[in-house]
Amino acid sequence: MSYRSLTFQYMLCVRFRGSTLSRQEQCAQFSDRVNQRSEEGDIDPISPMQLPDSQWERDSATPGSREHDPSPQQVTKRHRKLLKTSPVLRPNSSSPSRVQESRRRIIRDVCGKYRSNISRTITPHHVSRIYVEDRHKLLYCEVPKAGCSNWKRILMVLAGVANSTREINHVAVHYDNHLKRLDSFDHQGITSRLETYTKVLFVREPMERLVSAFRDKFESPNSYYHPVFGKPIISKYRVNASQTALKTGSGVTFREFMHYLLDVHRPVGMDIHWEAANQLCSPCHLHYDFIGKVETLEEDANFLLRKIGAPENLSYPSFKDGNPKAARTSTQITQHYFSQLNASERQRAYDFYYMDYLMFNYSKPYKDLY
Numbered sequence: 001m002s003y004r005s006l007t008f009q010y011m012l013c014v015r016f017r018g019s020t021l022s023r024q025e026q027c028a029q030f031s032d033r034v035n036q037r038s039e040e041g042d043i044d045p046i047s048p049m050q051l052p053d054s055q056w057e058r059d060s061a062t063p064g065s066r067e068h069d070p071s072p073q074q075v076t077k078r079h080r081k082l083l084k085t086s087p088v089l090r091p092n093s094s095s096p097s098r099v100q101e102s103r104r105r106i107i108r109d110v111c112g113k114y115r116s117n118i119s120r121t122i123t124p125h126h127v128s129r130i131y132v133e134d135r136h137k138l139l140y141c142e143v144p145k146a147g148c149s150n151w152k153r154i155l156m157v158l159a160g161v162a163n164s165t166r167e168i169n170h171v172a173v174h175y176d177n178h179l180k181r182l183d184s185f186d187h188q189g190i191t192s193r194l195e196t197y198t199k200v201l202f203v204r205e206p207m208e209r210l211v212s213a214f215r216d217k218f219e220s221p222n223s224y225y226h227p228v229f230g231k232p233i234i235s236k237y238r239v240n241a242s243q244t245a246l247k248t249g250s251g252v253t254f255r256e257f258m259h260y261l262l263d264v265h266r267p268v269g270m271d272i273h274w275e276a277a278n279q280l281c282s283p284c285h286l287h288y289d290f291i292g293k294v295e296t297l298e299e300d301a302n303f304l305l306r307k308i309g310a311p312e313n314l315s316y317p318s319f320k321d322g323n324p325k326a327a328r329t330s331t332q333i334t335q336h337y338f339s340q341l342n343a344s345e346r347q348r349a350y351d352f353y354y355m356d357y358l359m360f361n362y363s364k365p366y367k368d369l370y
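Quick note on numbering: the UniProt record's numbering labels position 63 of the sequence shown as 63, and the sequence is numbered without any gaps.
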């Protein structure tokens, strides 16, 4: 039986697995065979991913709602045992094409197991973070703190807005509206682009991305995040807060920030800089053609640029946006911040980003996590 046929049979099994022991064993056997064939490199060619059976819906869902997607808390309670029968796959080749095949396959596997019953209706919310570059038929989903500023610079160069990424400053990237979002198009414009353009997503190790966001928004002067987020965070989570702290919202500690993030009754809403990547970009709905990682950013980015026919002199910028004097958030820096939390708090943080860890094949950051 071919790899594609095995995968199809396994997906049917997962979707209609029922509760009988024999059916569960059959699913497990299909899972083992799929994993074995993928590890041996026996993989059918993957064509560009399309959405032939998806629907576009503008009015049935409230903007920002995720009514069909399980929360991290629901996922950890309902689904963890299922994955143990089918460990997350790891690429067995250094070829960029093989790496991409593996990353797409992992996302399909996780979506099939956890979210096989979600609606395939695509709402404006699902595409609200996606930027469009029509010349090279590229759709890029923005994940903050995962190289998005420099990716926007690349999109601007590809679109002819600028000649070089070096000449595009921070304000032009984020506030001058040089780039189109996918949700600005009509129904036909959105659907046709989803079906024919290359859909791109770049992600980052979740805890590292979280610490990067905290350092950027709360440890540097910020006229938006300090009053909008800092003030309510300090007011709710700091005992005997000073009047200055309550008035300015400056000086939020990492532990206070984590109390806010993990609180089911947050005093202020979520923000894209620390929202989970799978919630921002909806990979179970949109089926991305290319999944890059910050950990292999230069290799992934330049491989993609050559694949889409970008100019030979265009490569991913190496300079740092935002706070150029601050050290880049590394594994060591991330561990320093998380050492301020106890084991229970680290577990809850892992639970919060659990789907990102599964979908994007990141290892557990601490051995005591389950």
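The beta-carbon is built from N, C-alpha and C at its ideal position, and this holds for glycine as well.
- In the three-state reduction of the DSSP assignment, K320 falls in the coil class, being assigned neither a helical nor a strand state.
- Inclusion of I272 and L280 in the CB contact set at 9 Å is warranted, their separation being smaller than that value.
- Under the three-state reduction of DSSP, Y140 is assigned to strand.
- H226 is a Cβ neighbour of T248, given a cutoff of 9 Å.
- Here Q100 is buried. Its C-beta has 16 or more other C-beta atoms within 10 Å.
- For K320, the number of other beta carbons within 10 angstroms of its own is below 16, and it is reported as exposed.
- DSSP places I107 in the helix class (H, G or I) of the three-state scheme.
- Cβ-Cβ distances below 8 Å link L138 to V132, L155, L158, Y197, T198, V200 and I308 in the same chain, with the five nearest sequence neighbours on each side left out; the list follows chain order.
- Of the residues assessed, P221 falls on the exposed side of the cut-off, its CB having fewer than 16 other CB atoms within 10 angstroms.
- Annotation: S184 to R153 spans about 20 Å, alpha carbon to alpha carbon.
- Here the segment 227-242 makes no contact with the segment 349-356; the two share fewer than three CB pairs at distances below 8 Å.
- For E133, the enclosing beta strand (DSSP E) has its first and last residue at I130 to E133.
- In this structure D216 is buried. Its beta-carbon is surrounded by 16 or more other beta-carbon atoms within 10 angstroms.
- Pairing K180 with A162, the inter-Cα distance amounts to about 15 Å.
- The C-alpha of N278 is placed about 11 Å away from the C-alpha of V110.
- Judged by DSSP in its simplified three-state form, T248 adopts helix.
- Each of S128, A276, E312 and V239 was checked against the Cα of A146, and the nearest Cα belongs to A276.
- The criterion of a C-beta distance shorter than 9 Å is satisfied by F257 and F214.
- Taking C-beta atoms under 8 Å as the contact rule, R120 and H285 qualify, at a distance of about 7 Å.
- A Cβ-Cβ contact shorter than 9 Å links T334 with P365.
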